[in-house]
Amino acid sequence: MYDYRMPDATGNVFRSRDRRDREYGKGGRILHDRHYDYLYDVEGNLILKTPRRGLTQHPNHELSEESGTHIAWQTGDYAYEWYGNGMLKEVRLPYGKTVRFEYDALGRRTAKFFNGHVFRYLWDGNVMVQEWQYEEKDRPQHSIDEFGRIRMQGEEPVENLVTWVYEEGSYVPVAKIQNGERYTIISDYMGRPVEAYNSYGNVVWQADYDVYGDLRNIKGIRDFIPFRQLGQYEDDETRLYYNRLRYYDPRIGNYISQDPIRLVGNNPTLYGYVGDLNKYVDVWGLSDCKLSSDFKNGASFLIPGDSYEQFVKNSSMVGRPDGQFVSPSNQIDDLLKKANGDVSIIEEALGIPKDGWQGKGGMYRIDISNPQNYNLRSASSGISGANDLFIAGGKTSGGISEGIIDQVPKGNVTITRIIK
């Protein structure tokens with residue numbers, strides 16, 4: 003049996019070669035496939051996934067409060083409820099049980115509730131570093147003090163603690179620590195875990211991926227390693243992949259809500275994942291699918307000498323804390339060859355105001371070989387760090403492609419002085 007991921011001209015994906023196994027609506031929302039009908043709220047969030055029973059009477063499979071129409075959950079359905087900020091609140095499963103979720107102010111998931119248990123998550127920036135669980139009846143009550151801070155009335159149980167270790171400065175998991183045992187995680191070139199070994203060198207978990215990112219040929223317990231495509235964490239109860247700001251369904255190959263940044267994300271559709279799972283990643287549920295192709299040979303950025311001395315020379319991390327603009331390394335190669343030491347040509351190509359880099363103590367080039375591991379994402383005008391000459395769509399006024407990455411450990415970059 004073959005797996006097909008056949009896109010149409012819009013970017014909607016199909017499992018059959020003839021593209022007749024499903025139907026899509028506006029923005030790339032799936033309306034029905036061979037097994038389910040899909041119904042959405044007016045915000046474009048999936049609210050019901052139901053065995054085919056005919057939802058075509060609802061325009062574009064959409065319900066609104068104004069319509070006064072409500073379709074109740076029935077056995078066999080998946081029903082989804084959402085917070086006002088667009089984060090998934092709960093899922094009612096086909097057999098009636100409900101999974102609930104909580105998040106912090108940054109949209110990071112901090113808790114999951116299911117079957118009388120609390121599953122807790124601790125974050126370091128944008129990576130989840132620890133998780134544990136305990137019975138829901140033992141969860142301390144919460145209160146808000148006079149300063150608006152949330153306080154727990156009592157100690158929270160910490161049982162079955164799992165610690166995750168990542169490749170430095172990236173989203174790629176390299177180890178799991180639980181009950182004193184250490185497990186090594188091996189990932190493929192896209193950052194997807196494929197094997198896990200115990201301290202004796204024995205394989206304890208192994209899996210392949212299909213063209214939608216779902217697991218195949220699993221050895222071991224499926225959720226022993228819950229990470230899937232880079233930045234995704236699978237919930238065993240729903241089989242959805244939590245992808246930081248959205249949830250991805252590998253059974254349909256789409257997200258179940260619209261891209262929060264809409265068209266700026268440059269994904270195939272508002273619900274679509276990246277164009278090619280063998281080349282691209284989306285660690286936040288936001289990012290441009292074209293960037294990885296542009297940056298396949300690495301990313302680079304240029305920095306004046308005085309800025310290097312101030313921000314890079316004595317720092318352990320490289321790049322702006324709120325996101326560093328980078329360009330494809332091969333385009334920087336071409337630019338430097340063309341400029342031949344002329345700073346004004348570099349300024350014009352990168353959209354730097356005239357004479358902005360003149361007399362600044364020379365210039366340094368910083369190269370990052372694996373920008374995808376540092377949340378490579380689409381650049382857009384108006385965000386912090388964008389210059390005034392930036393063109394929406396990911397290019398400078400001189401036509402140089404640009405993206406954004408998180409800060410990178412200094413040991414993971416190459417620094418070269420190109421102009422003295």
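Everything in the sequence shown is counted per this note's numbering, starting at 3 for the first residue and increasing by one. Glycine included, C-beta positions come from ideal geometry on N, C-alpha and C. Please read all numbers here as calculations on a predicted model, not as lab measurements.
In chain order, 7, 15, 214, 275 place their CB closer than 7 Å to the CB of residue 255, counting only its own chain and leaving out the 5 sequence neighbours on each side.
Annotation: residue 283 to residue 322 spans about 22 Å, alpha carbon to alpha carbon. Residue pairing of residue 274 in beta bridges, as defined by DSSP: 256.
Following the DSSP letters along the chain, one finds residue 117 in no beta strand (DSSP E), marked with neither H nor E.
In this structure residue 135 does not touch residue 143 by the C-beta definition: roughly 19 Å separates them, more than the 8 Å allowed. Boundaries of the alpha helix (DSSP H) harbouring residue 334: 331-341, taken from the DSSP string. Around the C-beta of residue 304, 16 or more other C-beta atoms lie within 10 Å, and the residue is accordingly described as buried. With respect to the C-alpha of residue 370, the residue from 139, 9, 414 having the closest C-alpha is 414. Between the alpha carbons of residue 249 and residue 101 lies a gap of roughly 14 Å. Taking one beta carbon from each stretch, the stretch 176-191 and the stretch 233-240 have fewer than 3 pairs nearer than 8 Å; the two do not touch.
Here the alpha carbon of residue 53 sits roughly 17 Å from the alpha carbon of residue 241. For residue 132, same chain residues with a beta-carbon under 6 Å away, outside a window of 5 residues either side, are 124, 165 in chain order. Restricting attention to 416, 45, 38, the CA atom closest to the CA of residue 314 is found in 416. In the DSSP assignment, no residue is bridged to residue 226. Boundaries of the beta strand (DSSP E) around residue 209: 205-211. Looking only at 208, 194, 193, the smallest Cα-Cα distance to residue 200 is reached by 208.
Counting along the chain, residue 176 sits inside the beta strand (DSSP E) bounded by residues 175-180. If you check the CB distance, residue 320 and residue 421 do not come in under 8 Å. Residue pairing for residue 8: DSSP places it in a beta bridge opposite 16.
Residue 147 and residue 359 have their C-alpha atoms roughly 50 Å apart. If you draw a straight line from the Cα of residue 376 to the Cα of residue 128, it is about 11 Å long.
Taking all protein chains shown into account, residue 302 has 16 or more neighbouring C-beta atoms within 10 Å of its C-beta and is therefore buried. Of all alpha-carbon atoms in 409, 260, 167, 363, the one lying nearest the alpha-carbon of residue 327 is that of 409.
With at least 16 other beta carbons inside 10 angstroms of its own, residue 285 counts as buried.
Here residue 195 is buried, its C-beta having at least 16 other C-beta atoms within 10 Å. A contact between stretches requires three or more CB pairs, one per stretch, nearer than 8 Å, and the stretch 113-122 fails this requirement with the stretch 83-91. Taking 8 Å as the cut-off, the beta carbon of residue 5 is found closer than this to the beta carbon of residue 212.
Buried is the label assigned to residue 39, since at least 16 other Cβ atoms lie within 10 Å of its Cβ. The three-state reading of DSSP puts residue 264 in helix, counting H, G and I together.
In this structure, residue 244 lies away from residue 252, with their beta-carbon atoms at least 8 Å apart.
In this structure, the straight-line span from the alpha carbon of residue 197 to that of residue 378 is close to 25 Å. Rounded to the nearest angstrom, the Cβ distance from residue 30 to residue 337 is 36 Å, too far for a contact under 8 Å. Here residue 227 is buried. Its C-beta has 16 or more other C-beta atoms within 10 Å. The beta carbon of residue 116 lies closer than 6 Å to those of 101, 239 in the same chain, with the five residues before and after it left out. DSSP, read as helix, strand or coil, puts residue 323 in coil.
The three-state secondary structure of residue 314, taken from DSSP, is helix.
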